[in-house]
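These protein sequence lines are chains A and B, in that order. For the first sequence, my numbering gives the first residue as 244, with consecutive numbering after it. For the second sequence, my numbering gives the first residue as 659, with consecutive numbering after it. To keep things clear, I will list the structure first and then write my remarks on it.
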Amino acid sequence: MTAVAAPTVKRAARVRTAAPQMPARRKASWATVNVITVAWTLFPIWWLVALAFKDPTTLTDGSFWPNKWSWTNFSGIFHGSAFVRPLINSIGIGVISTVISVVLATMAAYAVARLNFPGKGLLIGVSLMIAMFPAISLVNPMFNIERAIGLFNTWPGLIIPYLAFSLPLAIYTLSAFFREIPWDLEKAAKVDGASQRQIFMTVIAPLALPGIATTSILVFMFCWNDFIFAISLTSTNDARTAPAAMGFFTGVSQFTFPIGSIAAAAVIITIPIVIFVVIFQRRIVAGMTSGAVKG
Amino acid sequence: MATISLEHVTKRYPDGTEAVRDLNLDISDGEFIVFVGPSGCGKSTALNMIAGLEDISSGDLRIGGKVVNQLTPKDRDIAMVFQTYALYPHMTVRQNMAFPLKIAKVPQDEINRRVTEAAELLELTEHLDRKPANLSGGQRQRVAMGRAIVRNPQAFLMDEPLSNLDAKLRGQMRTSIARLQQRLKVTTVYVTHDQTEAMTLGDRIMVLRLGVMQQVGTPQELYDYPANLFVAGFIGSPSMNFMPGQLADGGLKWPLGDVSLPAEVVRRLEEDKAPRDVIVGIRPENFEDAELVEGAKRDQGSIMSVKPEVLESLGSDVLAYFPVPRPEASQVAELERVAAEVGTGDAPGSGSTFVARLSPATRARVANSFDLWFDTHKLHLFDAHTGRALGR
Chain A
244 MTAVAAPTVK RAARVRTAAP QMPARRKASW ATVNVITVAW TLFPIWWLVA
294 LAFKDPTTLT DGSFWPNKWS WTNFSGIFHG SAFVRPLINS IGIGVISTVI
344 SVVLATMAAY AVARLNFPGK GLLIGVSLMI AMFPAISLVN PMFNIERAIG
394 LFNTWPGLII PYLAFSLPLA IYTLSAFFRE IPWDLEKAAK VDGASQRQIF
444 MTVIAPLALP GIATTSILVF MFCWNDFIFA ISLTSTNDAR TAPAAMGFFT
494 GVSQFTFPIG SIAAAAVIIT IPIVIFVVIF QRRIVAGMTS GAVKG
Chain B
659 MATISLEHVT KRYPDGTEAV RDLNLDISDG EFIVFVGPSG CGKSTALNMI
709 AGLEDISSGD LRIGGKVVNQ LTPKDRDIAM VFQTYALYPH MTVRQNMAFP
759 LKIAKVPQDE INRRVTEAAE LLELTEHLDR KPANLSGGQR QRVAMGRAIV
809 RNPQAFLMDE PLSNLDAKLR GQMRTSIARL QQRLKVTTVY VTHDQTEAMT
859 LGDRIMVLRL GVMQQVGTPQ ELYDYPANLF VAGFIGSPSM NFMPGQLADG
909 GLKWPLGDVS LPAEVVRRLE EDKAPRDVIV GIRPENFEDA ELVEGAKRDQ
959 GSIMSVKPEV LESLGSDVLA YFPVPRPEAS QVAELERVAA EVGTGDAPGS
1009 GSTFVARLSP ATRARVANSF DLWFDTHKLH LFDAHTGRAL GR
């Protein structure tokens, strides 16, 4: 009996010792792939940062490292209103659009996730269709409409199209989060005497907070990064946002290319995105609902 | 505290299926009633209708004499405990328990007083500032109970509140729920699929099957006088043994040998116009090792010789599983229908195996024949076609 059993045991042991080698090899290959990917993505960003910190005289020295560090490019773009005013526009329009979009989307997504109403499928379909619609095909008619009704080159003139394009995405993301919240919580709140509005405000919305944070980042990034509407629906610094304004940068003379200023401006407009992600990342913690039900 | 009464209450879904059909029940003030039945029998739907979480398709629901069909849950003044506990994960235990009071705009010092009181009652005081995620299953269950009792509601509704606990904790919590209810004297409707829970907790039990009420009564009534095959098979553990048989000349012919029935039983059967074909049921506890039965009691019963296949010793009892003659081919179909009806399927106690609960003093050995006594007064007879209990 033991003689028969022994080889089996040995084989099992061999398999067991061989097993840890596989993850190690896989780990190494994964690490390599990751390093390459990260380098590939980060290199252009580094290049941009290096350009922004280069002294204007050494801009074209062909080095990826600023030999002479300087703030000249930054002080240049913050001198005068060519960049400052668009930056304020960007922040204002971005924040307002995000707040309105997320508030509306939270309510709409709750309805989509929890209620059955006629035309629900149609609503979701249409909103998804809007999200997929190429923005460029709408720019011309919107330009004309906005000029006709006096929205052209105003904050609302950008906020409205941003809402139209970000809402479907926001509703879709949020309704996925709402579906995760156990039904029983809502029933419990109902029996506890809460009205539909109280249920939403005190139970559902706090639990959907990670989802709301994620959606906020997505919407803000969409508004912040937008170029096509910003360039088409504005004409002056009254409403022009930072990415669009960068296209109007001029060099020292009309024959110099404002590469240093553009690099510095690009670094500046990247900062809010980084801050946003850092603030909200801590909120995007899964498991907010753990403990609600037996787990 | 209040009475709850259901009059012809029906739940019909848009596709025409009826989850609950024509339910009539009066629950008295302070009573502990248990709705029991297999899954899909409509017991939770019935509870949700009382809570106001589901609409009532037809019929009237009265709480404290007032028709509440159209009232929202918040106006019915009832508290509910869910199987999943449904604690608000972003709130502490204290906030969870205070939530219904806060919604009702109870003054803060009153809230504090009631929460502290409930926490003491449920031994949760030291956990008041923890979040549900950091509590054990039993503690979460108690928080859910706490959230219900702080309100001093008209009634407690409990939807399988112990199903998510392990067996030992379930036993403990069962006792504490019973004690709590006796202390608070609040009308309680308790839903479970577990007949042990139903038997131990309920003042009365309502057995449901496919949305239809089968029987309502005290645990002892249900055990002693099941109204039909379904209730007979559902109540009691291990469940009742069934076997087809025929009534003839004041006696019973069945594959386990002919049995002469007590005169009183025969008289009641005659009054009931019992058909010839019956299904005989006998509970495991109505068997005993013949050697251990003496005197007058021995004469009350009948004795057969059996050969146990399996003996399970539980310490206090021994369960003996023994084969019984397969019924005639024409009767097998009937028997299978019974097993399906009761939901025992191939479990011991149905088909061609019987189970007997014997005293641990028995000398029965596996595969050795011994004499088994059974109490003929305790035989249950059912109409083979309708499943209705005969001669009750």
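C-beta: ideal position from N, C-alpha, C; glycine also. Bear in mind that the values here come from a model prediction, so they are computed numbers and not experimental data.
Interface partners of residue i on chain A, CB under 8 Å
i: methionine 738(B); result: Lys430, Ala431, Val434
i: threonine 845(B); result: Neighbours of threonine 845(B) on chain A: none; closest Cβ ~15 Å, over 8 Å.
Cβ neighbours of residue i in the same chain (closer than 6 Å, five flanking residues each side left out)
i: methionine 489(A); result: Ile505, Ala508
i: serine 716(B); result: Thr668
i: proline 1054(B); result: Here chain B comprises residues numbered 659 to 1050, so residue 1054(B) is not present and cannot be evaluated.
i: methionine 749(B); result: none
i: serine 963(B); result: Ser1027, Asp1029
i: alanine 856(B); result: Val692, Val694, Thr850, Ile863
i: glycine 1045(B); result: Asn886, Leu887
i: tyrosine 405(A); result: Ser340, Cys466
i: isoleucine 512(A); result: Ala485
Enclosing alpha helix (DSSP H) for residue i [first to last residue]
i: isoleucine 424(A); result: No alpha helix (DSSP H) contains isoleucine 424(A), which DSSP labels as neither H nor E.
i: leucine 838(B); result: 825-842
i: tryptophan 314(A); result: Looking at the DSSP string, tryptophan 314(A) is not in any alpha helix (DSSP H), and its letter there is neither H nor E.
i: threonine 457(A); result: 452-468
i: proline 811(B); result: No alpha helix (DSSP H) contains proline 811(B), which DSSP labels as neither H nor E.
i: alanine 882(B); result: Note on identity: in this sequence residue 882(B) is aspartate, with alanine being the wrong assignment. Its alpha helix (DSSP H) spans residues 877-882.
i: aspartate 733(B); result: 731-734
i: isoleucine 388(A); result: 379-392
i: leucine 927(B); result: 921-929
i: arginine 1023(B); result: Here arginine 1023(B) belongs to no alpha helix (DSSP H), and DSSP marks it neither H nor E.
i: leucine 793(B); result: Here leucine 793(B) belongs to no alpha helix (DSSP H), and DSSP marks it neither H nor E.
i: phenylalanine 472(A); result: 471-475
i: isoleucine 708(B); result: 701-709
Bridge partners - residue i, DSSP secondary structure assignment
i: arginine 862(B); result: Ile691(B)
i: lysine 911(B); result: Gln904(B)
i: methionine 871(B); result: Leu866(B)
i: aspartate 1033(B); result: Gly959(B)
i: lysine 669(B); result: Val678(B)
i: serine 272(A); result: The partner list for serine 272(A) (beta bridge, DSSP) is empty, contrary to what the question assumes.
i: proline 981(B); result: Thr1011(B)
i: threonine 850(B); result: Val694(B)
Neighbourhood of residue i by C-beta, 7 Å cutoff - its chain only, sequence neighbours within 5 removed
i: alanine 776(B); result: Met755, Gly804, Ile807, Val808
i: serine 533(A); result: Interpretation of serine 533(A) is limited by its pLDDT of 39, a score under 50 that renders its predicted location unreliable; the figure taken from the coordinates is listed afterwards. Cβ within range, chain order: n/a, list empty.
i: proline 1006(B); result: Below a pLDDT of 50, predicted positions are generally treated as unreliable, and proline 1006(B), at 40, falls in that range; the measurement from the model is reported next regardless. Taken in chain order, the residues that qualify are Pro896, Tyr979, Val1013.
i: leucine 1048(B); result: Leu927, Asp930, Ala932, Val936, Leu1039, Phe1040, Asp1041
i: threonine 1034(B); result: Val917, Leu919, Pro920, Gln958, Gly959, Ser960
i: asparagine 682(B); result: Leu664, Glu665, His666
Nonlocal neighbours in the same chain, by C-beta distance under 8 Å from residue i, ignoring five residues either side
i: valine 951(B); result: Gly959, Trp1031
i: threonine 479(A); result: Asn396
i: arginine 934(B); result: Gln904, Leu905, Ala906
i: isoleucine 714(B); result: Val667, Thr668, Lys669, Met707, Asn727
i: phenylalanine 386(A); result: Phe395, Ser475, Leu476
i: valine 976(B); result: Leu969, Glu970, Arg1015, Leu1016, Ser1017, Pro1018, Thr1020, Ala1022
i: threonine 661(B); result: Asp684, Ile685, Ser686, Asp687, Arg720, Ile721, Gly722, Gly723, Thr845
Beta-carbon neighbours of residue i, restricted to chain B and to distances below 7 Å
i: aspartate 304(A); result: Chain B residues near aspartate 304(A): none, gap ~56 Å exceeds 7 Å.
Residue range of the unbroken beta strand (DSSP E) whose run includes residue i
i: serine 370(A); result: Counting along the chain, serine 370(A) falls outside any beta strand (DSSP E), though it belongs to the alpha helix (DSSP H) covering 363-375.
i: aspartate 935(B); result: 935-940
i: valine 764(B); result: Here valine 764(B) belongs to no beta strand (DSSP E), and DSSP marks it neither H nor E.
i: glutamine 958(B); result: No beta strand (DSSP E) contains glutamine 958(B), which is instead part of the alpha helix (DSSP H) from 953-958.
i: aspartate 947(B); result: 945-947
i: phenylalanine 888(B); result: It is not in any beta strand (DSSP E) - phenylalanine 888(B) instead sits in the alpha helix (DSSP H) that spans 887-892.
i: tyrosine 353(A); result: Careful: tyrosine 353(A) lies outside any beta strand (DSSP E), inside the alpha helix (DSSP H) at 327-357.
Chain-ordered neighbours of residue i on chain B, where CB pairs are closer than 9 Å
i: proline 404(A); result: Within 9 Å Cβ-Cβ: nothing; proline 404(A) doesn't reach chain B, min ~35 Å.
Proximal residues of chain B, C-beta to C-beta of residue i below 8 Å
i: proline 425(A); result: Thr742, Ala744
Under 7 Å by beta carbon: chain A residues contacting residue i
i: lysine 669(B); result: Simply none; closest approach about 16 Å.
Chain A contact residues for residue i, given Cβ-Cβ distances below 9 Å
i: lysine 732(B); result: Lys433, Val434, Asp435, Gly436, Ala437, Ser438
**Request:** Report the residues of the stretch 434-458 of chain A with a CB closer than 9 Å to any CB of chain B, ordered along the chain.
**Result:** Val434, Asp435, Gly436, Ala437, Ser438, Gln441, Thr445, Val446, Pro449, Leu450, Leu452
**Prompt:** Going along the stretch 700-730 of chain B in order, which residues come within less than 7 Å of chain A, judged by CB to CB distance?
**Reply:** Ala709, Leu711
**Request:** Using a Cβ-Cβ cut-off of less than 7 Å, give me the residues of the stretch 745-769 of chain B that come near chain A, in sequence order.
**Result:** Leu745, Tyr746, Pro747, His748, Phe757, Pro758, Ile761, Ala762
**Request:** Determine which residues of the stretch 824-850 of chain B have a Cβ less than 7 Å from any Cβ of chain A, and write them out in chain order.
**Result:** none
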